[in-house]
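Here the structure comes first, spelled out in structure tokens, and everything after it is commentary.
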Ligand code: PMP
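In the numbering used here, the protein residues as written are 20 to 466.
Written out as structure tokens, the structure is:
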């Protein structure tokens, strides 16, 4: 199609999209054309603050100049080698990851998507232990390939109608204390959820690995209690189960540290990372401990894809980590995360329909309810709030399906002013949704 006959408006582009792109998920009528730092522009020049960081991938901001420069340089040098060769960017990225993670995490293997990296972790865990079962935690998300999706369980999200899931996957109850499945209150409970999970693990004969998120994102933005994590980690050690942490959303700095596991004082056997690893470039990987790596290599582990460790992708990943270091972006994640958390806590105090806020660093969530007493999920209001924000220039992590959790995950370069603007828009959105529900907020925003 010549430039002249190209569509110009969102509506024109969407009509063409509907004709030629298989429709699967879009909910937004805005067609995006350009991005810079925390800002996106649609084809009509409308501006949006991106508090979803391009589905949590463009963590260092859209088109960071240092990332653009490094990848453009590599693009002209060598793009792809295939998995029979290695190359300098792959080796340097793996070395860098070993530097920013504690011992014994020492060796990496790369792929493109989070799902692919989860599948690699499952293959590695099964091959290393010789066991065939794996376990996940309910209310988690790990991707849409068959193994990753079988491990996932975000209620209602694409589960029906896709045929059989993979075999040998079990789940344990989630440590989601706001809605405890055992009607207990944290702290003070006896961690019945974990006792139940261990029982399942014993009934299946101890799995190869247990896969978990340490700040659950898509499944509800909840943070497992530190004791739960310690007890599960100790249990895995005792039973020879690999402790596999999915850091696709949390990894490479989103919680204010390189990895979320650092907040819990445990070192996983396998770390899965993607999304923010490439800063928007499709790069994922697993990091394994020396012992697991030695077992895999001795036994002749085979893992391959046409793009594993591509120099273009790895050069992007390396530049992305280096620019986080050079610009001290982890400090900004902590400072802006604290500002965001403080603003969200005020919203919890002010509005009856905001039941809770949870998160670490720049991974924060709001739980929208009918009222604080009942804690009944209010997917309708959550949807209305996200819609209001979108239409007023703020992209958020929308709730999956009819869920009631709103997520805020801005890029690490987000400014104090942008966080303030986002909180103001969100405040107005919740005020409107509260008024529509006939609920008066306690006080209107003063910020
Ligand atoms: N794990 C987690 C925690 C995720 O949030 C996601 C994607 N949202 C994945 C894995 C899968 O990643 P991808 O969509 O790149 O396959």
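Note that CB positions come from ideal geometry on N, CA and C, so glycine has one too. Predicted model, so just to flag it, every value in this text is computed and none were measured.
Strand pairing of residue i, partner residues [DSSP]
{"i": "residue 318", "result": "None, per the DSSP bridge assignment."}
{"i": "residue 377", "result": "384"}
{"i": "residue 61", "result": "51"}
{"i": "residue 426", "result": "384 and 416"}
{"i": "residue 69", "result": "414"}
{"i": "residue 56", "result": "81"}
{"i": "residue 235", "result": "241"}
Residue i, enclosing beta strand (DSSP E) - first and last residue
{"i": "residue 129", "result": "124-130"}
{"i": "residue 262", "result": "261-265"}
{"i": "residue 410", "result": "Per DSSP, residue 410 belongs to no beta strand (DSSP E); it is in the alpha helix (DSSP H), 398-410."}
{"i": "residue 191", "result": "188-191"}
{"i": "residue 229", "result": "228-231"}
Helix, strand or coil at residue i according to DSSP, with G and I counted as helix
{"i": "residue 248", "result": "helix"}
{"i": "residue 465", "result": "Caution is warranted here: a pLDDT of 44 is assigned to residue 465, below 50, making its placement in the model unreliable, and no coordinate value can be reported."}
{"i": "residue 254", "result": "helix"}
{"i": "residue 37", "result": "helix"}
{"i": "residue 358", "result": "helix"}
{"i": "residue 24", "result": "helix"}
{"i": "residue 390", "result": "coil"}
{"i": "residue 29", "result": "helix"}
{"i": "residue 202", "result": "coil"}
{"i": "residue 207", "result": "coil"}
{"i": "residue 453", "result": "helix"}
{"i": "residue 371", "result": "coil"}
{"i": "residue 437", "result": "helix"}
{"i": "residue 42", "result": "coil"}
{"i": "residue 432", "result": "coil"}
{"i": "residue 97", "result": "coil"}
{"i": "residue 90", "result": "helix"}
{"i": "residue 458", "result": "coil"}
{"i": "residue 140", "result": "helix"}
{"i": "residue 448", "result": "helix"}
{"i": "residue 225", "result": "coil"}
Opening and closing residue of the alpha helix (DSSP H) in which residue i lies
{"i": "residue 340", "result": "330-345"}
{"i": "residue 222", "result": "211-222"}
{"i": "residue 114", "result": "107-119"}
{"i": "residue 102", "result": "Per DSSP, residue 102 belongs to no alpha helix (DSSP H) and is neither H nor E."}
Shell residues, 6 Å Cβ cut-off relative to heavy atoms of the ligand PMP: 132, 133, 134, 137, 160, 161, 162, 232, 236, 237, 265, 267, 268 and 293
Could you name each continuous alpha helix (DSSP H) segment of 4 residues or more that falls completely within the stretch 147-199, going from the start of the chain to the end? 165-170
Can you list the alpha helix (DSSP H) stretches of 4 or more residues lying completely in the stretch 265-327, in chain order? 309-318
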